[in-house]
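Count the sequence shown with mature numbering (1 follows the signal peptide of the UniProt record, and there is no 0) and you get residues -19 to -1, 1 to 336, in order. Using N, Cα and C, we set each Cβ at its ideal position, and we do this for glycine too.
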Amino acid sequence: MKKISTLIAFIVCCMMAFGQGVHFEDLTLDEALAKAKAENKLVFMDCYTSWCGPCKWMATEIFPQKEAGDYFNPKFISVKYDMEKGEGLKLKDKYKPSGYPTFFIIRPDGSIQHKMCGGRNLEATIARMEVGLNEKTCLDYLNQTYAQGKMDKMQLIRYFLVLQEAGEGEMGAKVEKELDATLSDAEKCTKEYWPLIRWAKYGSDKFYFVLKYVDAYRKNVGKEVVDESLSATFYSTISNSGHGYTREQQTQLLKQVRQDLGKVDLADKEELIRNIDILEAGFAQDVKKVISFARQASDKNIWVLMQAIEAVQEKATKAELKQIMALSGQMIATADEGTREYVKEFFDELKKAEK
């Protein structure tokens, strides 16, 4: 009897914990709007699809959290609709979600106050909701202010960021072009402008602008933030240099990356250069050098090592392939969690080819 009581108490606690998250109500949108009006709240609408990964993640990992419920439930009547079924089909035509998930903050009269696209962790979700709740920073207010030609430069920056969050690419491109023509170099080196340029594509004008004014960005934004962004861009460019390029183009790209790395001091600069060296050893069919690099594998070069091994696979002797396979356990263990399974599959395929 005691065990049954304990089990019941456990189930009740689990149900209570689940109930502490965002309370999504089974209402039509018209019913939700009427209820929001009666309770002096806004409507929070989650537009999702059954096949959308980020939608499922938000539904299972973010919205059920107690902190999410504490934030959303006092402010919103929350509803969610599958955009490919039932009422969702009509709402899709009316509200035009930019992708999935798309979230709307809707006033009781049915007008859109704010719009946001994509999944975020709880902290970022609440931060973007705060932007949408503020009548001076929400999308609707900024749309109107821009249309009236009353925006100053800082508002224009905020407007661009809100458009990005809303998935309004066409309007965002227009505002970005306006910002590029309006702001001085000094204004582009501010903390406010940084989100617009932080993930500039390698080789773009914006990327080289960051390199040119890296000291100003480090001073105004913070060295750790700026260096992390640059390192990530360099790492991604090197790791993905084989995709969509001929071998000659890849060689030229890596040569340029090596030159650009010489223009800036980064904590992981040697590791980034090593990644270039690894790929170039693969291009040169230098099996011994690739094996030597593999013996010193780190989680920062696993991806390029696999590319280099693949490049020398046909030239390698059986003895050399055995040496490479002998390092597979070390490389699998060294890989981060997100890459480990892929590394294991890579060596499984290599083992089959070895036979």
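Asked: For V245, report the span of its beta strand (DSSP E) as first-last.; Found: First-last for V245: undefined, no H or E at that position.
Asked: Below 8 Å on the Cβ atoms is my guess for K56 versus L23; work out the distance and round it to an integer in Å.; Found: 7 Å
Asked: From which residue to which residue does the alpha helix (DSSP H) around T106 run?; Found: L103 to L114
Asked: Once DSSP output is grouped into helix, strand and coil, what is the label at Q237?; Found: helix
Asked: Quick one: grab the DSSP three-state call for Q1.; Found: coil
Asked: List the DSSP bridge partners of G25.; Found: Before going on, a small fix: residue 25 reads as Phe here, not Gly. Paired residue(s): S59 and I86.
Asked: Does the Cβ of H4 have 16 or more other Cβ atoms within 10 Å, making it buried, or fewer, making it exposed?; Found: exposed
Asked: With 8 Å set as the bound, which would you pick, yes or no: does the beta-carbon of V143 sit closer than that to a beta-carbon of chain C?; Found: Any reference to chain C falls outside this structure, which holds one protein chain only.
Asked: Along the chain, where does the beta strand (DSSP E) that runs through C98 open and close?; Found: I93 to C98
Asked: Take the Cβ of E116 as the centre, count every other Cβ of all protein chains shown within 10 Å, and call the residue buried at 16 or more, exposed below.; Found: exposed
Asked: Look at V195 and V206 and say whether their C-beta atoms are less than 8 Å apart.; Found: no
Asked: Pop quiz: D121 and Q94 are said to be a contact at Cβ under 8 Å. What is the actual Cβ separation, rounded to whole angstroms?; Found: 5 Å
Asked: Quick check: what's the CA-CA separation for Q46 versus P35?; Found: 16 Å
Asked: Let me check understanding here. Comparing Cα to Cα, which of T163, T315, F53 and M306 lies closest to A134?; Found: Going by the sequence as given, residue 134 is Lys instead of Ala. When only C-alpha atoms are compared, the closest one is T163.
Asked: Do T83 and G153 have their C-beta atoms closer together than 8 Å?; Found: no
Asked: Along the alpha helix (DSSP H) that carries N201, what are the first and last residues, could you check?; Found: V195 to V202
Asked: Relative to the alpha-carbon of Y189, which residue among E168, S165, E209 and L242 has its alpha-carbon at the smallest distance?; Found: L242
Asked: Could you check the C-alpha separation between K172 and S212 for me, to the nearest Å?; Found: 19 Å
Asked: By the three-class DSSP mapping on this structure, what secondary structure does F172 have?; Found: Checking the sequence shown, residue 172 turns out to be Lys, not Phe. Correct three-state label for K172: coil.
Asked: Can I305 and A292 be called in contact, C-beta distance under 8 Å?; Found: no
Asked: With H, G and I counted as helix, E and B as strand and the rest as coil, what does DSSP make of T218?; Found: helix
Asked: Cutting at 7 Å between CB atoms, please list the residues of its own chain near F53, excluding the five before and the five after it.; Found: V3, F25 and S59
Asked: N256 by DSSP, collapsed to three states: which one?; Found: helix
Asked: Whole angstroms are fine: how far does the CA of Q1 sit from the CA of M(-19)?; Found: Legend: pLDDT at M(-19) = 46, less than 50; position of this residue unreliable, value from coordinates given subsequently. Computed Cα separation, rounded: 29 Å.
Asked: Helix, strand or coil: which one does DSSP assign to C33?; Found: coil
Asked: Excluding the five sequence neighbours on either side, which residues of its own chain have a C-beta within less than 8 Å of the C-beta of G80, listed in chain order?; Found: C98, G99 and G148
Asked: Are the beta-carbon atoms of A300 and V271 separated by less than 8 Å?; Found: no
Asked: Is DSSP giving E330 helix, strand or coil here?; Found: helix
Asked: When burial is assigned at 16 or more other CB atoms within 10 Å of the CB, is K303 buried or exposed?; Found: exposed
Asked: Just how far apart, CA to CA, sit T218 and P176?; Found: 20 Å
Asked: Keeping to the same chain, check which residues put their C-beta closer than 6 Å to that of N256; ignore five residues upstream and five downstream.; Found: I219, N282 and V285
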